[in-house]
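The next block holds one structure in the form of C-alpha coordinates; read it before the comments.
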Amino acid sequence: DNRETVQQGAQYAYDNRETIQQGAQWANENRETVQQGMEWANNNQETIKQGAMWANDNRETVQQGMEWANNNQDTVKSGMEWANNNPEMARQGANFVSEN
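Quick note: to get this note's numbering, add 72 to the position in the sequence shown (first position is 1).
Printed below as a string of C-alpha coordinates:
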(Lines of atoms letter the chains of each structure in order from A and count residues from 1; the text may use other names and numbers.)
(Lines give C-alpha, C1' and ligand atoms only; values in the text may rest on other atoms or scores of the structure.)
Protein backbone atom coordinates (compact mmCIF):
# COMPACT_ATOMS: atom_id res chain seq x y z
CA ASP A 1 0.00 0.00 0.00
CA ASN A 2 1.72 3.14 -1.26
CA ARG A 3 -1.15 5.63 -0.99
CA GLU A 4 0.81 8.03 1.21
CA THR A 5 3.79 8.01 -1.14
CA VAL A 6 1.51 8.60 -4.14
CA GLN A 7 -0.22 11.43 -2.26
CA GLN A 8 3.15 13.02 -1.45
CA GLY A 9 4.23 12.68 -5.08
CA ALA A 10 1.04 14.30 -6.30
CA GLN A 11 1.47 17.15 -3.81
CA TYR A 12 5.10 17.63 -4.88
CA ALA A 13 4.08 17.70 -8.56
CA TYR A 14 1.38 20.24 -7.81
CA ASP A 15 3.70 22.43 -5.73
CA ASN A 16 6.41 22.31 -8.41
CA ARG A 17 4.24 22.39 -11.54
CA GLU A 18 6.07 25.39 -13.01
CA THR A 19 9.47 23.70 -12.66
CA ILE A 20 8.04 20.47 -14.07
CA GLN A 21 6.57 22.40 -17.01
CA GLN A 22 9.95 24.03 -17.69
CA GLY A 23 11.64 20.62 -17.55
CA ALA A 24 9.13 19.13 -19.96
CA GLN A 25 9.64 22.06 -22.33
CA TRP A 26 13.44 21.67 -22.12
CA ALA A 27 13.16 17.93 -22.79
CA ASN A 28 10.94 18.63 -25.80
CA GLU A 29 13.43 21.18 -27.17
CA ASN A 30 16.40 18.89 -26.52
CA ARG A 31 15.05 15.53 -27.66
CA GLU A 32 18.38 14.40 -29.12
CA THR A 33 20.21 15.10 -25.86
CA VAL A 34 17.48 13.28 -23.92
CA GLN A 35 17.77 10.30 -26.30
CA GLN A 36 21.56 10.20 -25.88
CA GLY A 37 21.16 10.36 -22.11
CA MET A 38 18.71 7.47 -22.14
CA GLU A 39 21.04 5.40 -24.29
CA TRP A 40 23.97 6.20 -21.98
CA ALA A 41 21.90 5.19 -18.96
CA ASN A 42 20.90 1.95 -20.65
CA ASN A 43 24.53 1.17 -21.49
CA ASN A 44 25.87 2.11 -18.04
CA GLN A 45 23.41 0.48 -15.66
CA GLU A 46 26.16 -0.89 -13.41
CA THR A 47 27.73 2.55 -13.03
CA ILE A 48 24.31 4.02 -12.20
CA LYS A 49 23.71 1.26 -9.63
CA GLN A 50 27.07 1.94 -8.00
CA GLY A 51 26.33 5.69 -7.95
CA ALA A 52 22.94 5.10 -6.35
CA MET A 53 24.51 2.87 -3.69
CA TRP A 54 27.19 5.48 -3.00
CA ALA A 55 24.56 8.21 -2.69
CA ASN A 56 22.56 6.03 -0.31
CA ASP A 57 25.64 5.33 1.82
CA ASN A 58 26.63 9.02 1.80
CA ARG A 59 23.26 10.74 2.24
CA GLU A 60 24.65 13.50 4.44
CA THR A 61 27.32 14.39 1.88
CA VAL A 62 24.69 14.37 -0.89
CA GLN A 63 22.43 16.62 1.21
CA GLN A 64 25.28 19.06 1.83
CA GLY A 65 26.12 19.09 -1.88
CA MET A 66 22.52 19.80 -2.81
CA GLU A 67 22.34 22.63 -0.27
CA TRP A 68 25.61 24.08 -1.59
CA ALA A 69 24.33 23.90 -5.19
CA ASN A 70 21.06 25.53 -4.14
CA ASN A 71 22.92 28.35 -2.36
CA ASN A 72 25.39 28.84 -5.22
CA GLN A 73 23.17 28.62 -8.29
CA ASP A 74 25.10 31.29 -10.21
CA THR A 75 28.35 29.39 -9.71
CA VAL A 76 26.69 26.12 -10.75
CA LYS A 77 25.23 27.78 -13.86
CA SER A 78 28.60 29.30 -14.78
CA GLY A 79 30.29 25.92 -14.34
CA MET A 80 27.72 24.17 -16.50
CA GLU A 81 28.08 26.81 -19.21
CA TRP A 82 31.87 26.48 -19.08
CA ALA A 83 31.61 22.68 -19.32
CA ASN A 84 29.20 23.00 -22.24
CA ASN A 85 31.59 25.37 -24.04
CA ASN A 86 34.70 23.29 -23.19
CA PRO A 87 33.52 19.67 -23.49
CA GLU A 88 36.97 18.12 -23.98
CA MET A 89 38.46 19.88 -20.95
CA ALA A 90 35.35 19.02 -18.92
CA ARG A 91 35.69 15.37 -19.96
CA GLN A 92 39.37 15.32 -18.97
CA GLY A 93 38.50 16.88 -15.61
CA ALA A 94 35.75 14.35 -14.99
CA ASN A 95 38.12 11.50 -15.87
CA PHE A 96 40.76 12.89 -13.51
CA VAL A 97 38.25 13.10 -10.66
CA SER A 98 36.94 9.58 -11.26
CA GLU A 99 40.46 8.14 -11.32
CA ASN A 100 41.52 9.96 -8.15
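Note that the Cβ used here is the ideal one computed from N, Cα and C, for glycine as well.
Asked                                                                                                                 : Found
Less than 8 Å between the C-beta atoms of I120 and A127, yes or no?                                                   : no
Can the beta-carbon of A85 be found less than 8 Å from the beta-carbon of I92?                                        : yes
Can you tell me the Cα-Cα spacing of D129 and G137, whole angstroms?                                                  : 14 Å
If you reduce the DSSP assignment to three classes, tell me which class D73 lands in.                                 : coil
Would you tell me roughly how many angstroms separate the C-alpha atoms of D146 and N158, rounded to the nearest one? : 18 Å
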